[in-house]
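Visitor: Take this structure, written in structure tokens, and hold onto it; I'll ask about it next.
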Amino acid sequence: MLEITSVQNPLVKEIVKLHQKKYRDEFIIVEGKKALEGAKEANLKIKYVFSCDSELLSDYKNCAYLVNEKVMEKISTTESAPNIMGVVKKPEYPLKNFRNYKKIILLDSIKDSGNLGTIIRTAAAFNIDGIMLFGDCTDEFSPKTIRSAAGNIFKTPIVHAPFSELKEFKKTHKMITTVVNSKNSAASFKAESPVIIMFGSEAQGLCKELLTLSDISYTIPMKEGVESLNLAVSAGIILYEMYKNEG
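Next comes the structure, spelled out in structure tokens:
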């Protein structure tokens, strides 16, 4: 097991670069025991693992680095450093594999990493096969997204899907949109597989392009005068209704 005691160590500087999206083309930072175990279960290449506790490094002997608190604080992306973190090969999921998936959700121009991570966690809980991102979205493998997914980041494949490909998916999947003014209540939501359920941003909703693909739309009924729900909350309600009404 190697040891690093200086924040000026070249490897420390290499890890700090991964805090920025432009350096995360190949490897990503994974913070916390659950997320790191998830990477291991997904058979992703784990390049480095860092901890101040040698016992936590026992399962990662070939890539383990024992560090002090100052180094851990330097390489971490959080105010309070995790007890263990690693650098992992970014997973790649072919879009063509999604053609065989029965339950897919699509997120249009989602900006908030915390919301995205929460939706990824919710998708895993309600047995969603895959997640598509459309438009200008936040980085699905940012440290904040991974933390918010609470150990579920590698359980559901995530891809970016261009409109041209989505038009092809319409031939095989039912396209469902979630909007604010549909006559169809989410309480009656029962999707027949294969299906793609689309969610828009809180500010703009779904873009016009995606609305043209819609086969049916649903609305979450709410008390009058209440602003729109948080996107992650809305997705959770819809996915629960689908999960509850399956079969």
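Heads up: the sequence shown at position 5 corresponds to 27 in the numbering used here, and the numbers run straight through without jumps. Just so you know, even glycine gets a beta-carbon here, dropped at the ideal spot from N, CA and C.
Quick check on the burial criterion: 16 or more other C-beta atoms within 10 angstroms. Buried or exposed for Asp237?
Guide: As a first step, residue 237 is located in the sequence shown; it is residue number 215 there, counting from the start. Exposed is the call here.
Visitor: Our contact map puts Thr160 next to Ile126 with C-beta atoms below 8 angstroms; I'd like the distance itself, whole angstroms only.
Guide: As a working note, residue 160 is residue 138 in the sequence shown. As a working note, residue 126 is residue 104 in the sequence shown. Beta-carbon to beta-carbon, Thr160 and Ile126 are separated by about 19 angstroms, too far to satisfy the 8 angstroms threshold.
Visitor: Relative to the C-alpha of Asn122, which candidate in Leu233, Lys193 and Ile198 has its C-alpha closest?
Guide: The residue given as residue 122 occupies position 100 in the sequence shown. Comparing Cα-Cα distances from Asn122 to each of Leu233, Lys193 and Ile198, the minimum goes to Lys193.
Visitor: Name the DSSP bridge partner or partners of Asp130?
Guide: The residue given as residue 130 occupies position 108 in the sequence shown. In DSSP, Asp130 forms a bridge with Phe156.
Visitor: Over the uninterrupted alpha helix (DSSP H) stretch that includes Ser76, give me the two end residues.
Guide: As a first step, residue 76 is located in the sequence shown; it is residue number 54 there, counting from the start. Careful: Ser76 lies outside any alpha helix (DSSP H) and carries neither H nor E.
Visitor: For Gly108, which of helix, strand or coil comes out of DSSP?
Guide: Counted from its first residue, the sequence shown places residue 108 at position 86. Of the three classes helix, strand and coil, the one that applies to Gly108 here is strand, per DSSP.
Visitor: Can you tell me whether DSSP reads Ser186 as helix, strand or coil?
Guide: The sequence position of residue 186 within the sequence shown is 164, counting from 1. Three-state result, Ser186: helix.
Visitor: Exposed or buried, Asp130, counting other C-beta atoms within 10 Å across all chains shown (16 or more means buried)?
Guide: Mapped onto the sequence shown, residue 130 falls at position 108. Buried.
Visitor: What does Tyr87 pair with, by DSSP beta-bridge criteria?
Guide: As a first step, residue 87 is located in the sequence shown; it is residue number 65 there, counting from the start. DSSP lists Leu24 and Phe72 as partners of Tyr87.
Visitor: For Met264, does the three-state DSSP call read helix, strand or coil?
Guide: Within the sequence shown, numbered from 1, the residue matching residue 264 stands at position 242. Looking at Met264 - three-state DSSP - the assignment turns out to be helix.
Visitor: Suppose you measure from the CA of Ala257 to the CA of Ile50; what does that come to, to the nearest Å?
Guide: As a working note, residue 257 is residue 235 in the sequence shown. As a working note, residue 50 is residue 28 in the sequence shown. Cα to Cα, Ala257 sits roughly 26 angstroms from Ile50.
Visitor: Drop a sphere of 10 angstroms on the beta-carbon of Leu24, count the other beta-carbons inside from all chains shown, and report buried for 16 or more, exposed for fewer.
Guide: The sequence position of residue 24 within the sequence shown is 2, counting from 1. By the 16-neighbour rule on beta-carbons within 10 angstroms, Leu24 is exposed.
Visitor: Any contact of the stretch 249-268 with the stretch 208-223, i.e. 3+ C-beta pairs under 8 angstroms?
Guide: yes
Visitor: Using alpha carbons as the reference points, say which of Glu48, Ile142, Asn119 and Thr200 lies closest to Thr241.
Guide: Here residue 241 refers to the residue found at position 219 of the sequence shown. Thr241 has its Cα closest to that of Thr200, out of Glu48, Ile142, Asn119 and Thr200.
Visitor: Check whether the Cβ atoms of Lys212 and Asn267 lie closer than 8 angstroms to each other.
Guide: Here residue 212 refers to the residue found at position 190 of the sequence shown. Here residue 267 refers to the residue found at position 245 of the sequence shown. Result yes, Cβ atoms of Lys212 and Asn267 sit closer than 8 angstroms.
Visitor: Measure the alpha-carbon distance for Ile75 versus Phe163 and round it to whole angstroms.
Guide: Walking along the sequence shown from the start, residue 75 turns up at place 53. Walking along the sequence shown from the start, residue 163 turns up at place 141. The sequence as given places Asp at residue 75; Ile does not occur at that position. Spanning the two alpha carbons is a distance of roughly 26 angstroms.
Visitor: If you draw a straight line from the alpha carbon of Asn31 to that of Thr140, how long is it in whole angstroms?
Guide: Sequence index remark: in the sequence shown, residue 31 carries index 9 (1-based). Sequence index remark: in the sequence shown, residue 140 carries index 118 (1-based). Their backbone Cα atoms lie some 34 angstroms apart in a straight line.
Visitor: Could you tell me the boundaries of the beta strand (DSSP E) in which Ile51 lies?
Guide: Translated into positions along the sequence shown, residue 51 becomes position 29. Residues Phe49 to Glu53.
Visitor: State buried or exposed for Glu263, treating a residue as buried only when at least 16 other CB atoms are found within 10 Å of its CB.
Guide: Numbered from 1 along the sequence shown, position 241 holds the residue referred to as residue 263. Looking at its Cβ environment, which holds 16 or more other Cβ atoms inside 10 Å, Glu263 is buried.
Visitor: Mind listing, in chain order, the continuous beta strand (DSSP E) runs of no fewer than 3 residues lying wholly within the stretch 183-258?
Guide: 196-200, 217-221 and 238-240
Visitor: With a 10 Å radius around its C-beta and 16 neighbouring C-beta atoms as the bar for buried, classify Lys96 as buried or exposed.
Guide: Residue numbering aside, residue 96 sits at position 74 when the sequence shown is read from its first letter. So Lys96 counts as buried.
Visitor: At which residues does the alpha helix (DSSP H) containing Asn137 begin and terminate?
Guide: If you number the sequence shown from 1, residue 137 lands on position 115. DSSP places Asn137 in the uninterrupted alpha helix (DSSP H) bounded by Ser135 to Ala147.
Visitor: Does the Cβ-Cβ distance between Tyr265 and Phe148 come in under 8 angstroms?
Guide: As a first step, residue 265 must be located in the sequence shown, where it is residue number 243. As a first step, residue 148 must be located in the sequence shown, where it is residue number 126. Yes.
Visitor: Residue range of the alpha helix (DSSP H) that Leu117 falls in?
Guide: In the sequence shown, the residue the question calls residue 117 occupies position 95. Under the DSSP assignment, Leu117 falls outside any alpha helix (DSSP H); it carries neither an H nor an E label.
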